[in-house]
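Residue numbers (UniProt numbering), protein chains in the order written: chain W, 1 to 443; chain G, 1 to 443.
Protein chains: 2
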Amino acid sequence: MANMDPIPVRVFSLNCWGIRYLSKYCSQRYHMIGDMLCKEKHDIVLLQEVWSEKDYLFLKKKLSCTHPYTHYFKSGVIGSGLAIFSKYRIHDTLLYRYSLNGYPYMAHHGDWFGGKAVGMAVLSLGNLTANVYVTHLHAEYNREKDSYLAHRVVQALELQQFIRHTSAGADVVILGGDLNMHPQDLGNRLLRSYTGLRDAYTETPNFDGCEGGVTLIADNPFISKKEIFPFEKGIRIDYILFKGSSRADIRCDSLSTTKGSVADSPFPYSDHEALTAELKLDSCVSAETGNDEAFKTPESSPGNLAELVDIVTEARTEVKVGLHCAERMRYTAARTGVMGLALLFLELLIAAVPWFALGAEQPFPQTSFYLLAALCFAILLTTSLLYIFYTIEIKSLQGAEDQMRLAVGSLHEKLRGFPVTQPQSSSQRSSEGQEPPALDPEE
Amino acid sequence: MANMDPIPVRVFSLNCWGIRYLSKYCSQRYHMIGDMLCKEKHDIVLLQEVWSEKDYLFLKKKLSCTHPYTHYFKSGVIGSGLAIFSKYRIHDTLLYRYSLNGYPYMAHHGDWFGGKAVGMAVLSLGNLTANVYVTHLHAEYNREKDSYLAHRVVQALELQQFIRHTSAGADVVILGGDLNMHPQDLGNRLLRSYTGLRDAYTETPNFDGCEGGVTLIADNPFISKKEIFPFEKGIRIDYILFKGSSRADIRCDSLSTTKGSVADSPFPYSDHEALTAELKLDSCVSAETGNDEAFKTPESSPGNLAELVDIVTEARTEVKVGLHCAERMRYTAARTGVMGLALLFLELLIAAVPWFALGAEQPFPQTSFYLLAALCFAILLTTSLLYIFYTIEIKSLQGAEDQMRLAVGSLHEKLRGFPVTQPQSSSQRSSEGQEPPALDPEE
Numbered sequence: 001m002a003n004m005d006p007i008p009v010r011v012f013s014l015n016c017w018g019i020r021y022l023s024k025y026c027s028q029r030y031h032m033i034g035d036m037l038c039k040e041k042h043d044i045v046l047l048q049e050v051w052s053e054k055d056y057l058f059l060k061k062k063l064s065c066t067h068p069y070t071h072y073f074k075s076g077v078i079g080s081g082l083a084i085f086s087k088y089r090i091h092d093t094l095l096y097r098y099s100l101n102g103y104p105y106m107a108h109h110g111d112w113f114g115g116k117a118v119g120m121a122v123l124s125l126g127n128l129t130a131n132v133y134v135t136h137l138h139a140e141y142n143r144e145k146d147s148y149l150a151h152r153v154v155q156a157l158e159l160q161q162f163i164r165h166t167s168a169g170a171d172v173v174i175l176g177g178d179l180n181m182h183p184q185d186l187g188n189r190l191l192r193s194y195t196g197l198r199d200a201y202t203e204t205p206n207f208d209g210c211e212g213g214v215t216l217i218a219d220n221p222f223i224s225k226k227e228i229f230p231f232e233k234g235i236r237i238d239y240i241l242f243k244g245s246s247r248a249d250i251r252c253d254s255l256s257t258t259k260g261s262v263a264d265s266p267f268p269y270s271d272h273e274a275l276t277a278e279l280k281l282d283s284c285v286s287a288e289t290g291n292d293e294a295f296k297t298p299e300s301s302p303g304n305l306a307e308l309v310d311i312v313t314e315a316r317t318e319v320k321v322g323l324h325c326a327e328r329m330r331y332t333a334a335r336t337g338v339m340g341l342a343l344l345f346l347e348l349l350i351a352a353v354p355w356f357a358l359g360a361e362q363p364f365p366q367t368s369f370y371l372l373a374a375l376c377f378a379i380l381l382t383t384s385l386l387y388i389f390y391t392i393e394i395k396s397l398q399g400a401e402d403q404m405r406l407a408v409g410s411l412h413e414k415l416r417g418f419p420v421t422q423p424q425s426s427s428q429r430s431s432e433g434q435e436p437p438a439l440d441p442e443e
Numbered sequence: 001m002a003n004m005d006p007i008p009v010r011v012f013s014l015n016c017w018g019i020r021y022l023s024k025y026c027s028q029r030y031h032m033i034g035d036m037l038c039k040e041k042h043d044i045v046l047l048q049e050v051w052s053e054k055d056y057l058f059l060k061k062k063l064s065c066t067h068p069y070t071h072y073f074k075s076g077v078i079g080s081g082l083a084i085f086s087k088y089r090i091h092d093t094l095l096y097r098y099s100l101n102g103y104p105y106m107a108h109h110g111d112w113f114g115g116k117a118v119g120m121a122v123l124s125l126g127n128l129t130a131n132v133y134v135t136h137l138h139a140e141y142n143r144e145k146d147s148y149l150a151h152r153v154v155q156a157l158e159l160q161q162f163i164r165h166t167s168a169g170a171d172v173v174i175l176g177g178d179l180n181m182h183p184q185d186l187g188n189r190l191l192r193s194y195t196g197l198r199d200a201y202t203e204t205p206n207f208d209g210c211e212g213g214v215t216l217i218a219d220n221p222f223i224s225k226k227e228i229f230p231f232e233k234g235i236r237i238d239y240i241l242f243k244g245s246s247r248a249d250i251r252c253d254s255l256s257t258t259k260g261s262v263a264d265s266p267f268p269y270s271d272h273e274a275l276t277a278e279l280k281l282d283s284c285v286s287a288e289t290g291n292d293e294a295f296k297t298p299e300s301s302p303g304n305l306a307e308l309v310d311i312v313t314e315a316r317t318e319v320k321v322g323l324h325c326a327e328r329m330r331y332t333a334a335r336t337g338v339m340g341l342a343l344l345f346l347e348l349l350i351a352a353v354p355w356f357a358l359g360a361e362q363p364f365p366q367t368s369f370y371l372l373a374a375l376c377f378a379i380l381l382t383t384s385l386l387y388i389f390y391t392i393e394i395k396s397l398q399g400a401e402d403q404m405r406l407a408v409g410s411l412h413e414k415l416r417g418f419p420v421t422q423p424q425s426s427s428q429r430s431s432e433g434q435e436p437p438a439l440d441p442e443e
């Protein structure tokens, strides 16, 4: 395949904040978003928090000429809120639901009800295959005392696993979405180090947007200062990430974000700022035999591997902390349930005493009896549900921890396989033949 | 990489029927399974229905010398029941939960409670990377009137998607498990045609087992004739499937199954028969540039593509039928709920009449009032839960149908891209540049 002109790809990502009847000016904002997308004609549009299918269908109709290929990722009762619009044909899609996503009783946070997931679409961009991912992780409501940290770390773990395992056949990978993590947060480091994904903001030579690339800013009228405290200027939690392969190079020529307002409009598109990245794709033939192994970024050097081991270990610690919390919560639920049961028995006992001893002398306090019994049943029902819920949480956290232990073991094995100095010498490697192909010299 | 001696890989798969206290001789059977695995020393052991973690830990301890690498796929309250034991290091694992899995109110079928999923493990077999999958699909309780058909088809769809998208980087793919589908069932055809996976039973020159390779047989003392009616000799629903890549060949030298009894034991390992396949892996360098595209089995000829289109269309029809059913069920739930609400209002009305008109002349029928009110609330609660549940089912079925529509569109596009006769002539292809790389000649 001879080198051709680079393919320009404009990618757009926005968290639409589309909760009907609850988000401010929801319908007007969708009209604005639709008009803008129609005009701007991005190649790939990645939207999050499109909670209502009606709004998706509105956009689909509006963009039918500019973006004929589209997919809405359905999941759960409310849906995943994820949508993709594309100029290029979508060949295939796959949705991966995260195993953890907050607590159902934290209804005011609402994350649990929207089944958070990562959606994948396989596109053909010219002669290249692009795997495009869109996702939205659990929100961070209190950075100081973040009770969802373990959940978000597990989501980041699953996100990087899903991307790594599904993108081996892709020439380029593009991820857009609201990660709800600051650039140097654990989950973000885990994602970037493991997958080799590069951040459009740090990679681009031309950035036009708010200082520091922040996407949740104080200047946005839908944002209260409280939400971004103590970061007065805002925080960067929305990203466009990308990586190439041995078969294609990818670079980001420019990145721009909205700045809290839209010209000729009384309010912005959303409470998040929108990102637009201009990417350039270049198909290439690697110097080697065209083997994928040539582009195994995260595991290509002992330094990277060692860093990765540190990050996974750190993540494992966070998951263990979360596991400890969940176990304590389950214990509390069980104890409360037992107390409810004891109360019920006590009540039955008290009720039985006048029955046997006093006869009909005193009137039986029927109302109090029923009220107390109802209370006991309510306690038992609630604690049983909580117990089941925490058991699921514990299983998921244990599963994530198991996977991390495996990963650390495998990374250590690879690290041992590396010779002290380049180039590789086969005598320095262990002789079990368990190294990955990337490390095996020709035999 | 020069060709080396083929790597022999012995793969074992068994549905363990491990429901503690319910499955017959559960603990004794685990001891038998453990002893046998210890003795046989298969390279890869894939187990299903290991519902209790305690039983997994028992096997893990027992096999610690022969199978040092192991993973138990945790999910939901009960778990996925999937476990893998390996002689080779497991580098990475990933679990994908199917979006549909029966109905919670069909408690006697139990499928809904065990979170059915497909587990993946990445292994290094010598210098080759193997993606090993283990899964267990929803059971078929009534072949004539299979109310779970749509669910199983969606599971098969998700299984093939997951395998296709995660195996691009693998040299060989091995899948073992209880698919709960006959060899020519729709889901099975969908899985095999789309992924290019080959069936060990049909591929092997040496088969030792029951006639027709059946794995649920009348001779097994745990099986009642009713379960396999009208197939007197049994049915084949457990499989070992495999495929190679441009970088490795794989063949099945022999396949054997148990035959309903175990020597020196009063009962067999499980109600399913166990499968053992002897595979041979051969790393090779393809004649081409080593590009993966050389091994795109299912899409390599117009005939295959056309067959695939037919199968996906058939699957789409089944999903539509399931969708229609689910919508009808949701409608029934909604109507029953409305009737419950009407009954409640009627009751309140009746209660209000004596209150206003009759005063204290007649005693108020308190007990009946409360009982009827409790009934109304029970109806409302049940129908609300069912309504939510059916909504989730409908969303999942719609999602699957959307994906199939996309897939058919993409397959048609590829079919159009094929020239009428080989070799390819670029003038016959559409000029939009949206064909996948496999079809693009060198430019």
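Cβ coordinates follow ideal geometry from the N, Cα and C atoms, glycine included. Just so we're clear, the structure is a prediction, and the values are computed from it rather than from any experiment.
Practice item. Please say whether T204/W and C252/W have beta carbons closer to each other than 8 Å? Key: Less than 8 Å separates the beta-carbon of C252/W from that of T204/W.
Review point. First and last residue of the beta strand (DSSP E) that includes Q184/W?
Key: Neither: Q184/W is in no beta strand (DSSP E) and is coded neither H nor E.
Check your understanding: Should the segment 166-185 of chain G be called in touch with the segment 121-140 of chain G, which here means at least 3 C-beta pairs below 8 Å?
Key -> Using a C-beta cut-off of 8 Å, the segment 166-185 of chain G makes contact with the segment 121-140 of chain G, since at least three inter-stretch Cβ pairs fall below that distance.
Practice item. Verify the contact flag: S410/W, CB atom, against every heavy atom of the ligand NAP, threshold strictly below 7 Å. Key: No copy of the ligand NAP appears in this structure; indeed no ligand is present at all.
Review point. Which residue spans inside the segment 382-417 of chain G form an unbroken alpha helix (DSSP H) run of at least 4?
Key: You should have found no qualifying run.
**Study point:** Nearest-angstrom beta carbon gap, T93/G and H71/G [assumed within contact, 8 Å]
**Key:** About 5 Å separates the beta carbon of H71/G from that of T93/G, a gap short enough to meet the 8 Å contact definition.
Check your understanding: Considering only C-alpha positions, which residue in the set R405/W, M339/W, G176/W is nearest to I379/W?
Key -> The shortest Cα separation from I379/W among R405/W, M339/W, G176/W belongs to M339/W.
Check your understanding: Residues in the segment 148-181 of chain G with C-beta within 9 Å of chain W's C-beta atoms, listed in sequence order?
Key -> Those would be E158, Q161, F162, R164, H165, T166, S167, A168, G169, A170, D171, in chain order.
Check your understanding: Which chain G residues sit within Cβ distance under 8 Å of K395/W?
Key -> Those within 8 Å of K395/W in chain G are K74, S75, G76, V77, G79.
**Study point:** Residue range of the unbroken alpha helix (DSSP H) whose run includes A150/G
**Key:** Here the alpha helix (DSSP H) through A150/G covers 149-166.
Practice item. Within the same chain, show all residues whose beta-carbon is closer than 7 Å to that of K60/W, passing over the 5 residues directly before and after it, in chain order. Key: Closer than 7 Å at Cβ, skipping near neighbours: T70.
Point to revise | 8 Å Cβ cutoff met for L323/W and Q403/W | key: No, they are not a contact pair.
Exercise for review: Using only alpha-carbon positions, find the residue among Y331/W, T367/W, P68/W that is nearest to K41/W.
Suggested key: For the residues Y331/W, T367/W, P68/W, the minimum Cα distance to K41/W belongs to P68/W.
Check your understanding: Pairing CB atoms from the segment 219-230 of chain G with CB atoms from the segment 252-269 of chain G, are three or more of them under 8 Å?
Key -> The answer is yes - the segment 252-269 of chain G touches the segment 219-230 of chain G, with three or more Cβ pairs under 8 Å.
Check your understanding: Tell me, which residues are paired with V134/G by DSSP?
Key -> According to DSSP, V134/G bridges with G119/G, G176/G.
Check your understanding: Applying a beta-carbon distance threshold of less than 8 Å, which residues of chain G neighbour Q366/W?
Key -> Simply none; closest approach about 10 Å.
Practice item. Starting from the beta carbon of Q398/W, find every residue of chain G whose beta carbon is closer than 8 Å, and list them in chain order. Key: K74, listed in chain order.
Exercise for review: Would you give the residue range spanned by the beta strand (DSSP E) that C16/W belongs to?
Suggested key: Careful: C16/W lies outside any beta strand (DSSP E) and carries neither H nor E.
Check your understanding: Who are the Cβ neighbours of S254/W in its own chain at under 8 Å, not counting the five residues just before and after it?
Key -> Closer than 8 Å at the Cβ level, and outside the excluded window around S254/W, lie T204, P205, N206, F207, D208, A277, E278.
Review point. Excluding five sequence neighbours on each side, which residues of the same chain lie with their C-beta closer than 8 Å to the C-beta of S99/W?
Key: If the five residues before and after S99/W are omitted, its C-beta is found closer than 8 Å to the C-beta atoms of V154, E158, S396, G399, A400, all from its own chain and listed in chain order.
Point to revise | Three-state secondary structure (DSSP) of F231/G | key: F231/G sits in coil when the DSSP states are folded into three classes, being neither helix nor strand.
Check your understanding: Does D402/W come within less than 8 Å of chain G when only Cβ atoms are used?
Key -> Chain G, which has a Cβ nearer than 8 Å to the Cβ of D402/W, makes this yes.
Point to revise | Distance between beta carbons of D199/W and A248/W, contact taken as under 8 Å | key: Incorrect: roughly 19 Å between the Cβ atoms, too far for contact.
Point to revise | Neighbouring residues, chain W, relative to G407/G (Cβ below 7 Å) | key: Inspection of the sequence shows that residue 407/G is occupied by Ala rather than by Gly. A407/G reaches chain W at D92, counting residues in chain order whose Cβ is nearer than 7 Å.
Exercise for review: Residues of the segment 45-72 of chain W with a CB closer than 8 Å to any CB of chain G: list them in chain order, please.
Suggested key: Residues H71, Y72.
Check your understanding: What residue range is occupied by the uninterrupted beta strand (DSSP E) comprising D111/W?
Key -> Note, D111/W: premise wrong, no beta strand (DSSP E); not H, not E.
Review point. If you run the structure through DSSP and keep just helix, strand and coil, what is H91/W?
Key: Three-state DSSP puts H91/W in a strand.
Exercise for review: Give every residue of the same chain whose Cβ lies closer than 7 Å to the Cβ of Y387/W, excluding the five residues on either side of it in the sequence, and list them in chain order.
Suggested key: Only R330, A333, A334, G337 meet the Cβ criterion.
Review point. Nearest-angstrom Cα distance between V134/W and G34/G?
Key: The straight-line gap from Cα to Cα measures roughly 44 Å.
**Study point:** Short CB-CB distance (under 8 Å) between L95/W and chain G
**Key:** Yes, because at least one Cβ of chain G sits closer than 8 Å to the Cβ of L95/W.
Practice item. Using a threshold of 8 Å, state whether the C-beta atoms of V309/G and L411/G are closer than that. Key: For the 8 Å CB-CB criterion, V309/G and L411/G form a contact.
Point to revise | Completely contained beta strand (DSSP E) runs for the segment 24-70 of chain G, where each covers 3 or more residues | key: Listed in chain order, they are 44-48.
**Study point:** Contact with chain W by I235/G, beta-carbon distance below 8 Å
**Key:** Residue contact check for I235/G against chain W: no CB pair falls below 8 Å.
Exercise for review: Assess, as a yes-or-no matter, whether the segment 50-58 of chain W is touched by the segment 365-379 of chain G under the definition of 3 or more beta carbon pairs within less than 8 Å.
Suggested key: No: fewer than three Cβ pairs fall under 8 Å.
Exercise for review: State yes or no: is the beta carbon of S245/G nearer than 8 Å to at least one beta carbon in chain W?
Suggested key: No - not a single Cβ of chain W is within 8 Å of the one on S245/G.
Point to revise | Spatial distance of I163/W from E413/W (CA atoms) | key: About 22 Å.
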